[in-house]
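Taking it in order: structure first as structure tokens, then the write-up.
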Amino acid sequence: PDPASIRHRENPAFKTLKMKLKIIIAGGGLSGLGAAIALRQKGHDVTVLESASRLAEVGAGIQIPPNSTRVLKEYGIYDEILKYVVWPKSIQIRRYATGEILDRTHLHPRLSQVYGFPYLLIHRADYQRILCQYAEKLGAKVLLNSPVDSVDEAGPSVKLVNGDVLTGDLIVGADGIKSRTRASILGSENPEPVDSPDCAYRAVISREAMLKDPETAALMDDVNCNCWIGEQGHIMAYPIDNGQAYNVVMPHPGKATLGKWNEPGDLNEMRQNYKTYDPVIRKVLEKVESVLKWKLAEMPPLPRWLSNNGRVVLIGDAAHATVPYLAQGAAMSIEDGAALAECLDLADSIDMLPVVLKAFEEVRKPRCETIQSVSRGNGDVWHLPDGPAQVERDSKMGKGLREQEEEEAEEKLDSNSNRWSDGSFQPWLFGYDTVSETRTFVKKRLSPSL
Numbered sequence: 001p002d003p004a005s006i007r008h009r010e011n012p013a014f015k016t017l018k019m020k021l022k023i024i025i026a027g028g029g030l031s032g033l034g035a036a037i038a039l040r041q042k043g044h045d046v047t048v049l050e051s052a053s054r055l056a057e058v059g060a061g062i063q064i065p066p067n068s069t070r071v072l073k074e075y076g077i078y079d080e081i082l083k084y085v086v087w088p089k090s091i092q093i094r095r096y097a098t099g100e101i102l103d104r105t106h107l108h109p110r111l112s113q114v115y116g117f118p119y120l121l122i123h124r125a126d127y128q129r130i131l132c133q134y135a136e137k138l139g140a141k142v143l144l145n146s147p148v149d150s151v152d153e154a155g156p157s158v159k160l161v162n163g164d165v166l167t168g169d170l171i172v173g174a175d176g177i178k179s180r181t182r183a184s185i186l187g188s189e190n191p192e193p194v195d196s197p198d199c200a201y202r203a204v205i206s207r208e209a210m211l212k213d214p215e216t217a218a219l220m221d222d223v224n225c226n227c228w229i230g231e232q233g234h235i236m237a238y239p240i241d242n243g244q245a246y247n248v249v250m251p252h253p254g255k256a257t258l259g260k261w262n263e264p265g266d267l268n269e270m271r272q273n274y275k276t277y278d279p280v281i282r283k284v285l286e287k288v289e290s291v292l293k294w295k296l297a298e299m300p301p302l303p304r305w306l307s308n309n310g311r312v313v314l315i316g317d318a319a320h321a322t323v324p325y326l327a328q329g330a331a332m333s334i335e336d337g338a339a340l341a342e343c344l345d346l347a348d349s350i351d352m353l354p355v356v357l358k359a360f361e362e363v364r365k366p367r368c369e370t371i372q373s374v375s376r377g378n379g380d381v382w383h384l385p386d387g388p389a390q391v392e393r394d395s396k397m398g399k400g401l402r403e404q405e406e407e408e409a410e411e412k413l414d415s416n417s418n419r420w421s422d423g424s425f426q427p428w429l430f431g432y433d434t435v436s437e438t439r440t441f442v443k444k445r446l447s448p449s450l
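Residue numbering for the sequence shown is 1 to 450, as defined by full-length UniProt numbering.
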């Protein structure tokens, strides 16, 4: 079926509340803005504090898998999102030196048919802008140039760098891997981010530049995510911006500043890092005019996502930053916001906040930590050095691809080291219904209290 016509639950916007909370969200990225939408739709008073002076997300692509597309549809912004997306047919895993396709995960139309929702590609700036505009349209206040200095769970209150203090019923820490909220509520228990040895270049190339060469034009017009996997690094590339630009992300061993998204990279160094790669993708890299780099890191499993009094909660990268080798970081953040709103919906007094937020942690933490682990494992598999293990990996992927091309493969996926195509993992990942799963879990968990 056409995903635009897929039936979904009625959006429960502005329903009658048991109680209306004053909620302050630290962070105006995807997790904070997504949560603002979910919480406003439940009728809460929402203020988002964003440190940047304007929401100009640095340019790069982002993948929206079915588990988050489902949430966006429930929010009512699916049709707006569709104006800016690309619909990839598949994710193609390629051998780095030759471009040979080792494995393929079918995306469109298969995922819509199987899970009811599609896999989309979008420019991050478009994604953030749509979320922000919709949050404000619903009545959330988004305050720019408002960096958080610290959080006091006793208030609970947020102190800004300029000295202003805002007090609410609940503080949501959506302030990223270097979260001040997390530092405030965990104190000596707050772990340092786990530094990956890698950083990633990222670049966006115009459609016009891509079309000047037949080989690069083929990548632009054959709409797939292509991933060249090689020793200690890979290149993930795909069209974005409604087909008007080509996005390239290049993880590799290197240094960059943690938490900084717009650090300039060196073009010659970038090209040198991938000099042994497929000549076609090297042609693409020759078209890059400027490159940014960012440090890859993750959070270790936290002891808890809540303050001791249950009035401050962490979501998104502040709670579970992950390396990007499963393309699920943003999707987990979007799921978090929807789950948080459902949990709060089941509280009928402020005294119940610690109970429902503990249930939020219990329903979200295992899923997010599994995804962190699988993402890390994907990177290990993709970045194997030249040698017997890499040859064996390529052989297994090639065998899986041949089997998948057979007619029955569309109906049943077997075990696969490419976890996107794994028969048991893919349904768990893409088929997840955040709202339904959260409500079922929390009601069961709270049944003595409700």
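C-beta atoms are modelled at their ideal positions from N, C-alpha and C, and glycine is treated no differently. It should be emphasised that the depicted structure is a prediction, and the values quoted were computed from it without experimental measurement.
Could you compute how far the alpha carbon of ALA236 sits from the alpha carbon of SER436?
For the purposes of this step, residue 236 is taken as the residue at position 236 of the sequence shown. For the purposes of this step, residue 436 is taken as the residue at position 436 of the sequence shown. Before going further, note that residue 236 is Met rather than Ala in the sequence given. Whole-angstrom Cα-Cα distance: 33 angstroms.
Thinking ALA339 and VAL356 are a contact (beta carbons under 8 angstroms), I'd like their distance in whole angstroms, please.
By 1-based counting over the sequence shown, the position of residue 339 is 339. By 1-based counting over the sequence shown, the position of residue 356 is 356. Contact doesn't hold; Cβ gap of about 11 angstroms is too wide.
Could you check what DSSP says for GLU408 in three-state terms: helix, strand or coil?
Here residue 408 is taken as the residue at index 408 of the sequence shown, counted from 1. Interpretation of GLU408 is limited by its pLDDT of 44, a score under 50 that renders its predicted location unreliable; the figure taken from the coordinates is listed afterwards. Three-state DSSP puts GLU408 in a helix.
Excluding the five sequence neighbours on either side, which residues of its own chain have a C-beta within less than 6 angstroms of the C-beta of SER307, listed in chain order?
Against the sequence shown, residue 307 aligns to sequence position 307. GLU153, ILE185.
Cα-Cα separation between LEU401 and ARG439, rounded to whole angstroms
What you label residue 401 is simply residue 401 of the sequence shown in a count that begins at 1. What you label residue 439 is simply residue 439 of the sequence shown in a count that begins at 1. Taking the straight line joining both Cα atoms gives about 38 angstroms.
Spatial neighbours of LYS295 in its chain, beta-carbon cut-off 7 angstroms, leaving aside the 5 residues before and after
On the sequence shown, position 295 is the one that residue 295 refers to. Answer for LYS295: CYS199, ALA256, THR257, LEU258, listed in chain order.
Within the same chain, show all residues whose beta-carbon is closer than 7 angstroms to that of LEU353, passing over the 5 residues directly before and after it, in chain order.
The residue you call residue 353 lines up with position 353 of the sequence shown. LEU170, GLY310, ARG311, ALA347.
Cβ-Cβ distance between ARG124 and ALA36 below 8 angstroms:
For the purposes of this step, residue 124 is taken as residue 124 along the sequence shown, with counting starting at 1. For the purposes of this step, residue 36 is taken as residue 36 along the sequence shown, with counting starting at 1. The answer is no: Cβ separation not under 8 angstroms.
Best match in MET210, PRO279, GLY254 for proximity to TYR246 [C-alpha to C-alpha]:
The sequence position of residue 246 within the sequence shown is 246, counting from 1. Closest option to TYR246, Cα to Cα, is MET210.
Alpha-carbon to alpha-carbon, VAL142 and LYS399:
Here residue 399 is taken as the residue at index 399 of the sequence shown, counted from 1. Here residue 142 is taken as the residue at index 142 of the sequence shown, counted from 1. Looking at the two C-alpha atoms, the distance is approximately 51 angstroms.
Cβ-based neighbour list, MET19, same chain, cut-off 8 angstroms, excluding 5 preceding and 5 following
The residue given as residue 19 occupies position 19 in the sequence shown. Cβ neighbours of MET19 beyond the five flanking positions: ALA347, ASP348, SER349, ILE350.
Between the alpha carbons of LEU413 and THR370, how many angstroms are there, rounded?
Looking up residue 413 in the sequence shown gives position 413. Looking up residue 370 in the sequence shown gives position 370. About 20 angstroms.
Assign GLU100 to one of three DSSP states: helix, strand, or coil.
Your numbering for residue 100 matches position 100 in the sequence shown. GLU100 falls in the coil class under three-state DSSP.
With H, G and I counted as helix, E and B as strand and the rest as coil, what does DSSP make of MET19?
Here the question's residue 19 lines up with position 19 in the sequence shown. Note: MET19 maps to coil in three-state DSSP.
For GLN128, tell me which candidate among SER31, SER53, SER90 has the shortest Cα-Cα distance.
Numbered from its first residue, the sequence shown carries residue 128 at position 128. That would be SER31, whose Cα lies nearest to the Cα of GLN128.
If you check the beta carbons only, do LEU160 and VAL148 fall under 8 angstroms apart?
Locating residue 160 in the sequence shown gives position 160, counting from the first residue. Locating residue 148 in the sequence shown gives position 148, counting from the first residue. Cβ atoms of LEU160 and VAL148: closer than 8 angstroms.
Does the Cβ-Cβ distance between ILE24 and GLY168 come in under 8 angstroms?
In the sequence shown, residue 24 corresponds to position 24, counting from 1. In the sequence shown, residue 168 corresponds to position 168, counting from 1. Contact: yes.
Within 10 angstroms of its Cβ, does ASN268 collect 16 or more other Cβ (buried), or is it exposed?
Counted from its first residue, the sequence shown places residue 268 at position 268. Label assigned to ASN268: exposed.
Considering only residues of the same chain and omitting the five flanking positions on each side of ASP386, which have a CB-CB separation below 6 angstroms?
The count along the sequence shown starts at 1 and reaches residue 386 at position 386. Excluding sequence neighbours, ASP386 sits near GLU231.
Which of the three DSSP states is assigned to VAL194 in this structure?
On the sequence shown, position 194 is the one that residue 194 refers to. Residue state, collapsed to three classes: strand.
Nearest-angstrom Cα separation, counted from TYR134 out to LEU219
Here the question's residue 219 lines up with position 219 in the sequence shown. Here the question's residue 134 lines up with position 134 in the sequence shown. Those two C-alpha atoms are separated by around 33 angstroms.
Cβ pair ASP433, ARG110 closer than 8 angstroms
Against the sequence shown, residue 433 aligns to sequence position 433. Against the sequence shown, residue 110 aligns to sequence position 110. Contact: no.
Reducing DSSP to helix, strand and coil, say where SER375 ends up.
By 1-based counting over the sequence shown, the position of residue 375 is 375. Note: SER375 maps to helix in three-state DSSP.
Label ARG104 either buried or exposed according to how many other C-beta atoms from any shown protein chain fall within 10 Å of its C-beta, with 16 as the threshold for buried.
Stepping through the sequence shown from its first residue, residue 104 is reached at position 104. Buried.
My guess is that VAL442 and GLU342 are in contact by the Cβ rule of under 8 angstroms, so how many angstroms apart are they, rounded?
As a first step, residue 442 is located in the sequence shown; it is residue number 442 there, counting from the start. As a first step, residue 342 is located in the sequence shown; it is residue number 342 there, counting from the start. Right, their Cβ atoms sit about 7 angstroms apart.
Below 8 angstroms on the Cβ atoms is my guess for LEU121 versus TYR238; work out the distance and round it to an integer in Å.
Here residue 121 refers to the residue found at position 121 when the sequence shown is read from its first residue. Here residue 238 refers to the residue found at position 238 when the sequence shown is read from its first residue. Rounded, the Cβ-Cβ distance is 5 angstroms, consistent with contact.
Tell me whether LEU30 sits in a helix, a strand or coil according to DSSP, three-state version.
For this step, residue 30 is matched to residue 30 along the sequence shown. In this structure, LEU30 counts as helix in the three-state DSSP scheme.
Could you give the first and the last residue of the continuous beta strand (DSSP E) run that contains ARG304?
Position 304 of the sequence shown holds residue 304. Taken as a continuous stretch (DSSP letters only), ARG304 belongs to no beta strand (DSSP E), as it is neither H nor E.
Do you know offhand how far SER188's Cα is from LYS358's?
Here residue 188 refers to the residue found at position 188 of the sequence shown. Here residue 358 refers to the residue found at position 358 of the sequence shown. The alpha-carbon atoms of SER188 and LYS358 are separated by roughly 21 angstroms.
Is the region 275-293 in contact with the region 201-215, if contact means three or more CB pairs nearer than 8 angstroms?
yes
Mind checking GLY163: buried by the 16 CB within 10 Å criterion, or exposed?
On the sequence shown, residue 163 is found 163 positions in, with the first residue counted as 1. So GLY163 counts as exposed.
Distance, Cα to Cα, GLU408 vs LYS260?
Residue numbering aside, residue 408 sits at position 408 when the sequence shown is read from its first letter. Residue numbering aside, residue 260 sits at position 260 when the sequence shown is read from its first letter. Confidence at GLU408 is low in this model, with a pLDDT of 44, below 50, so the placement of that residue is unreliable and no value is reported for it.
Buried or exposed for GLN272, please, with buried defined as at least 16 other CB atoms from any protein chain shown within 10 angstroms of its CB.
Position 272 of the sequence shown holds residue 272. With fewer than 16 Cβ atoms within 10 Å of its Cβ, GLN272 is classed as exposed.
Complete runs of the beta strand (DSSP E) confined to the region 213-247 [at least 3 residues]:
225-230, 233-240
Which residues bound the beta strand (DSSP E) around residue 461?
Only positions 1 to 450 of the chain appear in the structure, and residue 461 is not among them; the question remains open.
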